[in-house]
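Chemist: 130 is the number of the first residue of the sequence shown in my numbering; add one for each residue after it.
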Amino acid sequence: MRERDIERHLVERVKQLGGEVRKVQWIGRRGAPDRLVMLPGRSTRNPDGSWFYRNGSAIWVELKALGAKPEAHQLREHERMRAMGQRVVVIDSVEGVEELLA
Numbered sequence: 130m131r132e133r134d135i136e137r138h139l140v141e142r143v144k145q146l147g148g149e150v151r152k153v154q155w156i157g158r159r160g161a162p163d164r165l166v167m168l169p170g171r172s173t174r175n176p177d178g179s180w181f182y183r184n185g186s187a188i189w190v191e192l193k194a195l196g197a198k199p200e201a202h203q204l205r206e207h208e209r210m211r212a213m214g215q216r217v218v219v220i221d222s223v224e225g226v227e228e229l230l231a
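1. Considering only their Cβ atoms, is the gap separating Leu-230 from Arg-79 smaller than 7 Å?
2. What would DSSP say about Leu-146, mapped onto helix, strand or coil?
3. Per DSSP, which one or two residues make a beta bridge with Ala-187?
4. Could you tell me if Glu-227 is buried or exposed, where buried requires 16 or more neighbouring beta carbons within 10 angstroms of its beta carbon?
5. Just to confirm my understanding: we take Ser-183, look at its own chain, exclude 5 residues before and 5 after, and list those with CB closer than 7 Å. What are they?
6. Report yes if the CB atom of Val-217 is closer than 7 Å to the CB atom of His-207, and no otherwise.
Laid out in structure tokens, this is it:
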């Protein structure tokens, strides 16, 4: 499966959840993720009748064609971002999109 097909699925699913996807271009920064997924907060009723509120979230996503792996410079940049408390994921399949959004 091609990267653009996975991207299309990601955008469609995020929109179904009320979120947004932005394509990001980094000036002077190689290896940074190329998508930002923003998901809205949600509220869920607990079994005892009380409510649980989840804040919205932002997730940096590196999309790859099926079976493709990030290059070394990308892995280094992802680790730098994670060290700053950012959530960074690499997705190479429709199933990966579904796991992220589950």
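Glycine included, C-beta positions come from ideal geometry on N, C-alpha and C.
Modeler: In this structure, then:
1. The structure shown does not extend to residue 79, since the chain spans only 130 to 231, so no value can be given for it.
2. Your numbering for residue 146 matches position 17 in the sequence shown. In the three-state reduction of the DSSP assignment, Leu-146 falls in the coil class, being assigned neither a helical nor a strand state.
3. Counting from one through the sequence shown, the residue named residue 187 turns up at place 58. Ala-187 pairs with Met-167.
4. Here residue 227 is taken as the residue at index 98 of the sequence shown, counted from 1. Burial is judged here by how many other beta carbons sit within 10 angstroms of a residue's own beta carbon; Glu-227 has fewer than 16 and is exposed.
5. As a working note, residue 183 is residue 54 in the sequence shown. The question names Ser, but residue 183 is Arg in the sequence shown. Around Arg-183: Gly-170 and Arg-171.
6. In the sequence shown, counting from the first residue as 1, residue 217 sits at position 88. In the sequence shown, counting from the first residue as 1, residue 207 sits at position 78. Yes.
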